[in-house]
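S.K.: Let me give you the structure first, and then I'll get to my questions.
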Amino acid sequence: MNIYYKKTNQLFNFLKLSLAVVVLAISGCKEEADRPNISRILERGYVAVGTLYGPNSYYLGPEGPAGFEYELAKKYAQSLGVELRIMPSYSLDELFPRLDSGEVDFLAAGLAVTPNRLSQYEFAPSYDSVSQKLVFRQGNKRPRALKDLTGSLIVTANSSHAENLVELQQTHEALTWQESTEFDSEELLLKVLNGEIDYTIVDSHVLAINRRYYPDISIGFTVKKAEPLAWLVSKHSDDSIIASLIEFFGQVHHDGTLLALDDKYYGHIEQFNYVDTQAFLAAIETTLPTYQPLFEKYGQDIDWKLLAAISYQESHWNPKARSPTGVRGMMMLTLPTAKQMGVTSRLDPEQSIAGGAKYFKRLIDRIPDRIPFPDRMWFALASYNVGFGHVNDARIITQRQGGDADRWVDVKPRLPLLKQKKYYKTVKYGYARGDEPVKYVENIRRYYHTLSYFDEKVRNGLVNGLSNGAPNGASERIVDTSSNKPVDKNAE
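Residue numbers (mature numbering (1 follows the signal peptide of the UniProt record, and there is no 0)): -25 to -1, 1 to 467.
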């Protein structure tokens, strides 16, 4: 072989190898640069977050985007000084690929930390925990364990519920179920309610919200206790994202932001009363239509649904209601308050509602301007029940104990202290049954939440107007009769 040709060929091969190394190096650098990281988020000016449509994560309410996960993600974006770009999905099958492809920086969707997910993703610090509940329709035989299941069990595909059932099948060989890629947990709840399936499994916080609207959904037993919830990050992401999330969750735990958000979305649904919920839903159908026009007329400065919720808590919409203490009428006004509000007959529904609305608005105006809504409303409601002075006393005690006197979530546990001498003797207005305004506010929040839910369905054309006799049967409220399929509960 020609020596010159041989050397030239060797040089050519060397150059090809060198070029390949350079290309690989450049490719590696590019791949490293393309990995999601905090620097890129700050540079582009936004953080992309994947979530799920639904009342726990993200929905469009009367005042715009809302939901626990949405608000928490917004707080995170604000902590970085960037815009939040929320990217909601309708299913888990649609959600996870968005993270896998890099379309979003992380997922904030109330997702449980499971072994399978841990093998595929990184998790931010846990911010809450839920349990898995097996549910059935009220009136059917209650299953108390997996061995008692005698009908169809369907769960959402790729959910923590499905993953847990696979694990349980190892010790319960007879256990069978189906997985749905079409319906989420809430839609499966409605199928149980409608008698289309016998059982499903849902997270405890999802169940707590939905039982306010559909009390005939009953709990069989707890399938799994205390599953932590956390945001998911791709394993391909730079460590700076996890580090940033660790810092963020440490901050919101410390400053009370997380506690306040939890109270806002879940604080009023911790306790469930089947009889009370059924009675309220029946009253919406039979009694509210008579008085809704008055609530709307005098609720111009106050959401009429809140005014109606106050009235239901006070009198169950009974214009002749009377308590042993002498308060009377739809809004249960005292005689002095009625006179101040210009009410000449407390038993006249219109006068009572007008006077109650005026008085409540006055209480809202007395709350310091620095306190924002909705806390402003909760303080005003507590004042409506126990008196403005006692609420101020509880705020003083809160401040003394190092809490934030301007946040309802901090003042709420201090109100019952007004029953204890060592506390009430140190404040201006003295003794009060401080546990009563706490229950009062939480009850009204539940009623208000339920009324808002059905009013949204009315505005979206999914049910008849509340004043036309809604709800008229829970199973009929969100079913599209043209397809016999549950309608997306947050569709606009």
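Every residue gets a Cβ at the ideal spot worked out from N, C-alpha and C, and that includes glycine.
Since this is a predicted model, take the numbers as computed values, not measurements.
In the DSSP output, which residue or residues are listed as bridge partners for Thr197?
M.R.: Paired residue(s): Lys108.
S.K.: Output needed for Leu(-11): all residues of its chain with C-beta closer than 8 Å, excluding positions within five of it in sequence on either side, in chain order.
M.R.: Confidence at Leu(-11) is low in this model, with a pLDDT of 38, below 50, so its placement is unreliable and the value that follows should be read with caution. There are no such residues.
S.K.: Between the alpha carbons of Pro311 and Val402, how many angstroms are there, rounded?
M.R.: So the two alpha carbons sit approximately 24 Å from each other.
S.K.: Is it buried or exposed for Ile221, if we count other Cβ within 10 angstroms and need 16 for buried?
M.R.: Burial call: exposed.
S.K.: So the alpha helix (DSSP H) Arg337 belongs to, where does it begin and stop?
M.R.: First-last of the alpha helix (DSSP H) with Arg337: 324 to 341.
S.K.: Specify the secondary structure class of Tyr359 as computed by DSSP and reduced to three states.
M.R.: The answer is helix: DSSP assigns Tyr359 an H, G or I state.
S.K.: Among residues of its own chain, excluding the 5 on either side of Ser212, which ones have a beta-carbon nearer than 8 Å to its beta-carbon?
M.R.: Correct list, in chain order: Arg10, Pro11, Asn12, Asp80, Phe81, Glu97.
S.K.: So Ile184 packs on Val198, CB below 8 Å; how close in whole Å?
M.R.: The Cβ separation is near 19 Å, so there is no contact.
S.K.: With three or more C-beta pairs closer than 8 Å as the rule, is the segment 149 to 162 touching the segment 118 to 133?
M.R.: With the cut-off at 8 Å, the segment 118 to 133 and the segment 149 to 162 touch.
S.K.: Closest by CA to Ser64, which one among Ala84, Gly42, Glu46?
M.R.: When each option's Cα is compared against that of Ser64, the closest is Ala84.
S.K.: Classify Ala313 as buried or exposed, calling it buried when 16 or more other Cβ atoms lie within 10 Å of its own Cβ.
M.R.: It counts as buried.
S.K.: Val181 by DSSP, collapsed to three states: which one?
M.R.: Val181 falls in the helix class under three-state DSSP.
S.K.: Give, in chain order, every unbroken run of the alpha helix (DSSP H) that is at least 4 residues long and sits entirely within the segment 11 to 88.
M.R.: Whole alpha helix (DSSP H) segments, 4+ residues: 13 to 19, 43 to 55, 67 to 75.
S.K.: Exposed or buried, which one is Val141 when buried takes at least 16 other CB atoms within 10 Å?
M.R.: Val141 should be labelled exposed.
S.K.: Locate the beta strand (DSSP E) running through Glu97, then write down its first and last residues.
M.R.: It spans 96 to 98 - the beta strand (DSSP E) in which Glu97 sits, taken as one unbroken run.
S.K.: Where in the segment 210 to 245 do unbroken runs of the alpha helix (DSSP H), each at least 4 residues long, occur, reported from the N-terminal end onward?
M.R.: If we require 4 residues or more, the alpha helix (DSSP H) runs fully inside the segment 210 to 245 come out as 214 to 230, 232 to 241.
S.K.: Can you tell me whether Ala283 is buried or exposed? The criterion is at least 16 other CB atoms within 10 Å of its CB, across all chains shown.
M.R.: Its Cβ being crowded by 16 or more others within 10 Å, Ala283 is buried.
S.K.: Assuming Asp381 contacts Ile346 under a Cβ cut-off of 8 Å, what Cβ separation, rounded to an integer in Å, is found between them?
M.R.: Confirmed, about 5 Å.
S.K.: Can you tell me where the alpha helix (DSSP H) with Glu417 in it begins and where it stops?
M.R.: Residues 410 to 434.
S.K.: Under the three-state reduction of DSSP, which class applies to Asp278: helix, strand or coil?
M.R.: It is coil, neither helix nor strand.
S.K.: Among Ser14, Ala87, Ala407, Leu74, whose alpha-carbon lies nearest the alpha-carbon of Ser215?
M.R.: Of the listed residues, the one whose Cα sits closest to Ser215 is Ser14.
S.K.: Excluding the 5 residues flanking Glu161 on each side, which residues of the same chain have their C-beta closer than 7 Å to its C-beta?
M.R.: Answer for Glu161: Gly29, Val181, Asn185, Lys464, listed in chain order.
S.K.: From the DSSP secondary-structure annotation, give me the bridge partner or partners of Val208.
M.R.: DSSP lists Phe81, Glu97 as partners of Val208.
S.K.: Quick one: Cα of Gly304 to Cα of His147, how far?
M.R.: Looking at the two C-alpha atoms, the distance is approximately 58 Å.
S.K.: Just checking my contact of Pro203 with Val88 at CB under 8 Å: how many whole Å lie between their CB atoms?
M.R.: Confirmed, Cβ separation roughly 5 Å.
S.K.: In the DSSP assignment, find the beta strand (DSSP E) that holds Val302 and state where it starts and stops.
M.R.: No beta strand (DSSP E) holds Val302; DSSP gives it neither H nor E.
S.K.: Could you round the C-beta distance between Lys49 and Val227 to whole angstroms and report it? I think they count as a contact, below 8 Å.
M.R.: About 12 Å separates the two Cβ atoms, so there is no contact after all.
S.K.: Beta-carbon within less than 6 Å of Gln144's beta-carbon, same chain only, minus the 5 sequence neighbours each way: which residues are those?
M.R.: Cβ within range, chain order: Leu150.
S.K.: Given Asp191, which residues of its chain have a CB within under 8 Å of its CB, disregarding the five upstream and five downstream residues?
M.R.: Here the set comprises Arg112, Gln113, Gly114, Leu168, Ala449.
S.K.: Opposite Ser155 in the DSSP bridges: which residues?
M.R.: Paired residue(s): Thr131.
S.K.: Can you give the Cα-Cα distance for Leu322 and Asp385, rounded to whole angstroms?
M.R.: Cα-Cα distance, rounded: 37 Å.
S.K.: Would you please state the rounded distance, in angstroms, between the beta carbons of Ile244 and Lys108? I believe it to be under 8 Å.
M.R.: Contact flag wrong, Cβ pair sits at about 14 Å.
S.K.: Hey, quick one: how far does the alpha helix (DSSP H) through Tyr249 stretch, first residue to last?
M.R.: Where Tyr249 is concerned, the enclosing alpha helix (DSSP H) stretches over 249 to 261.
S.K.: Cα-Cα, which of Thr262, His365, Gln315, Asp237 is closest to Pro324?
M.R.: Selected option, being the one with the closest Cα: Thr262.
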